[in-house]
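In my numbering, the protein residues as written are 2 to 504. Virtual Cβ for every residue (Gly too), placed ideally from N, Cα, C. Comments concern the structure below.
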């Protein structure tokens, strides 16, 4: 590798950093799960005895543990949470460059892979979220890199590192279990001479066993906290039971696979999908064992999730996307035409949708082409926390000697967690959750008027007070969210509660 290659890799890495860091905490508002995770991290940071707090909702805590030191570095809590995903995304770039090199020993394919990982809208979008999926992907691809190194030179230290990656994945999210089962498939690309050597096979199988034991041991750290059992019961909320699958085997499968197809076309871009299919076909013909390895790491988990998935969104397959992009990188390297003009045309065809989609995601997300579920959740519905940052700034701008009580719709999620996240450390401001839909001013808010400034925050879809002024509500501000497909718009209302006038 010459200095030009090093410069090219550095430029690509810089592009990846910019795509993930630009306006990280402000372009899109806090999402419901982000609010929960960051708020958990704040609580765990403040109270050491609550380090296993996520177990109370059946969630593994590693992501939140990593957010804790990030909160000490950055004043914006949402940026602090999302920064962990940014670091995970940058790590995935490095890992997949190594995977590509270990599989193909081609500098061209490795650099193309590095570029696709850096610029894929699928990865960029979720690497900019304080969600666990980028971290899960980082651990999974780390296990793949180490596994490929291990089958070339089985060593005990590599087994321990693989076990660490497996444990990290499972401590992040339950689908980390997939990597325990996928790990032995790296034997598909082991040297043929080694596969014929019983000593190598014994070393390899022993090494895998050590890795699995280490990974399982790391995961069982969670038994030190309360509510470990809730992980299993919470998982059942997201998957169908075996009996349900037998009774309707195609019901979730067909619709889920259709969704996967659209997610790839929209978030991976159509040219990359087409080139990925070409790459998969050519790889299958020329190096079937390597193609089979990548198929197992991509299609395998997607099929299982499609069969059992009761809840299924694009981020649930994020950990399969880097391996898919290897097919795309190989496809690009195989179809490069000789005439310069055609090479330029191919590059334009590949780059244009990537540039445009990334520009929209990073700078103007309301205009980005996103799958309906993602657009709904991250921008259009109550799950999107438009206005919470501004409301928090307003409340923090009130005099410190005034006690403030804020009632929000809901008890868990975007509100009140998203607001509490921004108000951390303000002892004069108290945020309480309220049952919804809100049809009247809760007694708890009215009773607090004597000693507090009282405010009410609710989304239009959950607010049913017909004449707010008559109920003592003074509109401070409202925040419209991007319009839905049908043209309707969700609005977040921010009211000051005042004594009701006698009727």
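So, with DSSP's three-state summary, where would you put residue i?
i: residue 268; result: helix
i: residue 465; result: coil
i: residue 261; result: helix
i: residue 412; result: coil
i: residue 460; result: strand
i: residue 32; result: strand
i: residue 313; result: coil
i: residue 454; result: strand
i: residue 133; result: coil
i: residue 53; result: coil
i: residue 431; result: strand
i: residue 75; result: coil
i: residue 496; result: strand
i: residue 107; result: coil
i: residue 475; result: strand
i: residue 112; result: helix
Please check the pair residue i and residue j, which I expect to be a contact at CB under 8 Å, by giving their CB distance rounded to whole angstroms.
i: residue 128; j: residue 190; result: The Cβ separation is near 27 Å, so there is no contact.
i: residue 276; j: residue 329; result: 5 Å
i: residue 208; j: residue 151; result: 6 Å
i: residue 139; j: residue 211; result: Between residue 211 and residue 139 the Cβ distance is about 22 Å, and since that is not below 8 Å, they are no contact.
i: residue 441; j: residue 319; result: Going by Cβ atoms, the distance from residue 441 to residue 319 rounds to 43 Å, so no, they are not a contact pair.
i: residue 299; j: residue 325; result: 5 Å
i: residue 274; j: residue 265; result: 5 Å
Work out the CA separation of residue j and residue i for me, nearest whole Å.
i: residue 216; j: residue 484; result: 45 Å
i: residue 473; j: residue 499; result: 5 Å
i: residue 199; j: residue 14; result: 42 Å
i: residue 39; j: residue 58; result: 14 Å
i: residue 229; j: residue 132; result: 21 Å
i: residue 236; j: residue 175; result: 8 Å
i: residue 166; j: residue 404; result: 47 Å
i: residue 81; j: residue 420; result: 15 Å
i: residue 1; j: residue 358; result: With the chain running from 2 to 504 in the structure shown, residue 1 is simply not present.
i: residue 23; j: residue 334; result: 30 Å
i: residue 51; j: residue 26; result: 26 Å
i: residue 122; j: residue 455; result: 42 Å
i: residue 361; j: residue 49; result: 40 Å
Using CA coordinates, which residue listed in the options is at the minimum distance from residue i?
i: residue 161; options: 172, 137, 187, 219; result: 219
i: residue 36; options: 438, 444, 386; result: 386
i: residue 444; options: 406, 234, 427; result: 406
i: residue 317; options: 240, 389, 213; result: 240
i: residue 247; options: 274, 294, 308, 287; result: 308
i: residue 114; options: 178, 4, 100, 367; result: 100
i: residue 288; options: 96, 77, 106, 10; result: 106
i: residue 111; options: 137, 256, 332, 486; result: 332
i: residue 478; options: 461, 290, 450; result: 461
i: residue 493; options: 344, 389, 438; result: 389
i: residue 70; options: 154, 47, 306, 323; result: 47
i: residue 252; options: 424, 336, 306; result: 306
i: residue 487; options: 381, 225, 168, 350; result: 381
Is it true that the stretch 111-126 meets the stretch 56-65, where meeting means three or more beta-carbon pairs spaced less than 8 Å apart?
-> no
Contact between the stretch 431-444 and the stretch 41-53 (3+ Cβ pairs under 8 Å) = no
The stretch 400-417 contacting the stretch 26-34, beta-carbon criterion three pairs below 8 Å | yes
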